[in-house]
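Here the structure comes first, spelled out in C-alpha cells, and everything after it is commentary.
Chains as they are written, first to last, in our numbering: chain F, 33 to 150; chain D, 98 to 418.
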C-alpha cells in the first residue's frame, strides 16, 4: 500500500515537473518570436528605399516593386539575384553572414543599394 | 549665342561646321514630317505636306527601310493600356507607305518582360508587313535567361550575345548588343569581344561604304544620370572613323533625338508603346502618362532613305497620330 502511494506521488511529481518544463519552454519560444527578423525595402521611381540599411545577422530583407516598370535585385558579388519583378512582386533574402552587400538593378544599373549586416 | 529653345541639343559640344541655327530650325519641324538631308555639312530641308507620306516628296531613295523601337509588348500600365493597339497602328502606317521599305529594323525592348507570348505577339503583328525584320535586344528582352530566348528567336547567324552584320544595296548594316553584363551604377556596354568583332568586321570595307549601326541603348551620352549612354561606345566609333557616312540608330529613351558629330549622325526613335520624359525633366526616366488624345503624337516610326551617291542617309520620323 505504501509503495503504491509512493509510486503515485512520484508519477504526479514527474508529470507536474514535465508540465512546468513545457510551460517554461513555451514561454521562451514566445520571447524569441518577439525579436524582429525582417526588413522591407520599397522599389519605386527607379530607386531602392531606403537605399542603405543595416540589419542583424539572420534578418530577412524583402524588396517589393511599387514602380510601374520591372526591376531586379542583384548582388554586385553574385550573393543573391532575384528574377525580374513586375509591379507588386517581391523578392526576399535572408542574410546569414555579416558583411556589406552592395546590389543593383540589372535592368537599370544606375539603381543601387546596400545592405550592411552586423 | 541664340537663346535656348526646347529643341536645342544640350549635350553636343562639337564644332563641326554645321550651321547651327538652320539645324535647330530643321529639328523643330521634324515632328511634322520635314525631310532633313545633310549634304556636305549643310542641311537642306524639304517640307512635306501635312498628311502626305514621309519620303514620297523627297528624292526616291535607292534603299528605304523603317526603324521601329520599344514596342514593350506586355506593358499594361496607365501610360498605355493598349500597346498592342498602338503597335498595330505603327505597322498599319508602315504598310501604308507609298514607298514600301525593303525591311525593318527593331531596335529592342520588343517585349516588356521577355515572355514567349509577348515575342509571339510582336512577330504575329509584324507578319502583315511581309518584310523581314532585323532585331537587336533591349534590356527588357534578356531578363532571366541572359538573352538565350532572344537569340533562339532572332539571333540566327549572330555571334556572342547576338551581334551581326549584313549588306543591302551597298550599305553595310551592323546590329550591336549593349544591354548585357551591365555593371552596377553603369551605362550600356558593348564589351571587349564585340568590339574586337566590330573592328574586324569593318576593317576591309571601303571608306565610301555607308554604314548603319543599330543598337538599343544610345551609343552617345544622352543623359548619364539615367543610364542613357554606352560606356565603351567611343571605341566602337573609333573603328568607324574612316567612313564618310555613318548613321547610328538607337531606341531605349522613347523620344526622338538627333545629333551630328563629324561624319556620324546619331538618331533615337520614338517608342510605339509609351513616351518617357526629356532628360532631367522628371525624377526618373519611367513611363510618362500624357492625355489619352495626345498619346499617339508621342509615339512613332522612322523612315530612312539612302540614295546612292548622296553623302548621308535621310532619316524622317513620323508620329502615330
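The beta carbon of each residue, even a glycine, is placed where N, CA and C say it ideally should be. In this text, all values refer to a predicted model and were calculated from it rather than measured experimentally.
{"Query": "From residue 185(D) to residue 376(D), what distance separates their C-alpha atoms?", "Result": "28 Å"}
{"Query": "So, is the C-beta of residue 282(D) closer than 8 Å to a C-beta in chain F?", "Result": "yes"}
{"Query": "Return the chain-ordered list of same chain residues with a C-beta closer than 8 Å to the C-beta of residue 211(D), the five sequence neighbours on each side being excluded.", "Result": "237, 238, 239, 240, 241, 242, 246, 247"}
{"Query": "With a cut-off of 8 Å on the beta carbons, I'd call residue 257(D) and residue 206(D) a contact; round off their distance for me.", "Result": "Wrong, their Cβ atoms sit about 20 Å apart, outside the cutoff."}
{"Query": "Judging by CA-CA distance, which residue of 373(D), 369(D), 323(D), 381(D) is the nearest neighbour of residue 183(D)?", "Result": "369(D)"}
{"Query": "List the whole-angstrom C-beta distance separating residue 131(F) from residue 149(F), where the pair is believed to meet the contact cut-off of C-beta under 8 Å.", "Result": "6 Å"}
{"Query": "Is the stretch 158-167 of chain D in contact with the stretch 399-411 of chain D, if contact means three or more CB pairs nearer than 8 Å?", "Result": "yes"}
{"Query": "Measuring CA to CA, which of 223(D), 228(D), 174(D) is closest to residue 197(D)?", "Result": "228(D)"}
{"Query": "So, at 6 Å on beta carbons, what are the nonlocal neighbours of residue 318(D) in its own chain, with the 5 sequence-adjacent residues on each side left out?", "Result": "326"}
{"Query": "Would you identify the three-state DSSP class for residue 57(F), choosing helix, strand or coil?", "Result": "Any reading at residue 57(F) must be qualified, since the residue scores a pLDDT of 48, below 50, and its modelled position is unreliable; the value itself is stated next. Helix, per DSSP."}
{"Query": "Out of 215(D), 193(D), 226(D), 204(D), which has the shortest C-alpha to C-alpha gap to residue 173(D)?", "Result": "215(D)"}
{"Query": "Looking at residue 355(D) and residue 349(D), is the spacing between their C-beta atoms short of 8 Å?", "Result": "no"}
{"Query": "Is the CB-CB distance between residue 73(F) and residue 91(F) below 8 Å?", "Result": "no"}
{"Query": "Let me see if you follow: with CB-CB separation under 8 Å, is residue 108(F) close to chain D or not?", "Result": "yes"}
{"Query": "Give the C-beta separation of residue 218(D) and residue 165(D) to the nearest angstrom, bearing in mind that I take them to be a contact with Cβ-Cβ under 8 Å.", "Result": "Their Cβ separation, rounded to whole angstroms, is 14 Å, which puts residue 218(D) and residue 165(D) out of contact at 8 Å."}
{"Query": "Find the residues of chain F that neighbour residue 323(D), judging by a C-beta separation of less than 9 Å, and give them in chain order.", "Result": "78, 140, 142"}
{"Query": "By the DSSP assignment, the alpha helix (DSSP H) with residue 260(D) in it spans what residues?", "Result": "Per DSSP, residue 260(D) belongs to no alpha helix (DSSP H) and is neither H nor E."}
{"Query": "Mark residue 69(F) as exposed unless 16 or more other C-beta atoms lie within 10 angstroms of its C-beta, in which case mark it buried.", "Result": "exposed"}
{"Query": "Helix, strand or coil for residue 152(D) per DSSP?", "Result": "Because residue 152(D) sits at a pLDDT of 49, beneath the cut-off of 50, its placement in the model cannot be relied upon, and the point is left open."}
{"Query": "Going by C-alpha to C-alpha distance, which of 285(D), 303(D), 267(D), 333(D) sits closest to residue 275(D)?", "Result": "285(D)"}
{"Query": "Tell me whether residue 65(F) is buried or exposed, calling it buried when 16 or more other Cβ atoms sit within 10 Å of its Cβ.", "Result": "In this predicted model, residue 65(F) has a pLDDT of only 47, less than 50, meaning its place in the structure is not dependable; the value taken from the coordinates is given anyway. Its Cβ having fewer than 16 others within 10 Å, residue 65(F) is exposed."}
{"Query": "Between which two residues does the alpha helix (DSSP H) containing residue 222(D) stretch?", "Result": "213-223"}
{"Query": "With distance defined between alpha-carbon atoms, name the residue in 272(D), 171(D), 230(D), 244(D) nearest to residue 347(D).", "Result": "272(D)"}
{"Query": "List the DSSP bridge partners of residue 348(D).", "Result": "BP columns for residue 348(D) are empty, so no partner."}
{"Query": "Output, in sequence order along the chain, the residues in the stretch 362-390 of chain D whose CB is closer than 8 Å to any CB in chain F.", "Result": "380, 381, 382, 383, 384"}
{"Query": "Does the contact criterion of 3 or more C-beta pairs under 8 Å hold for the stretch 108-122 of chain F versus the stretch 81-88 of chain F?", "Result": "no"}
{"Query": "Going by beta carbon distance, what residues of the same chain come within less than 8 Å of residue 61(F), once the five residues before and after it are set aside?", "Result": "Confidence at residue 61(F) is low in this model, with a pLDDT of 45, below 50, so its placement is unreliable and no value can be given for it."}
{"Query": "Using a C-beta to C-beta distance shorter than 9 Å, which residues of chain D count as neighbours of residue 136(F)?", "Result": "279, 280, 281, 282, 283"}
{"Query": "Closer than 8 Å, CB to CB, is residue 82(F) near chain D or not?", "Result": "no"}
{"Query": "At a Cβ cut of 8 Å, what residues of the stretch 225-248 of chain D count as close to chain F, listed as they run along the chain?", "Result": "236, 237, 240, 241"}
{"Query": "Helix, strand or coil for residue 203(D), going by three-state DSSP, please let me know.", "Result": "strand"}
{"Query": "I need the DSSP call for residue 174(D), collapsed to helix, strand or coil.", "Result": "coil"}
{"Query": "Within the 8 Å Cβ cut-off, does residue 210(D) reach chain F?", "Result": "yes"}
{"Query": "Consult DSSP for residue 128(D) and reduce its assignment to one of helix, strand or coil.", "Result": "Residue placement at residue 128(D) is flagged as unreliable, the pLDDT there being 35, under the threshold of 50; the coordinate-derived value follows with that caveat. It is coil, neither helix nor strand."}
{"Query": "Look up residue 189(D) in the DSSP assignment and give the residues it is bridged to.", "Result": "None, per the DSSP bridge assignment."}
{"Query": "Could you check where the beta strand (DSSP E) with residue 164(D) kicks off and where it finishes?", "Result": "160-165"}
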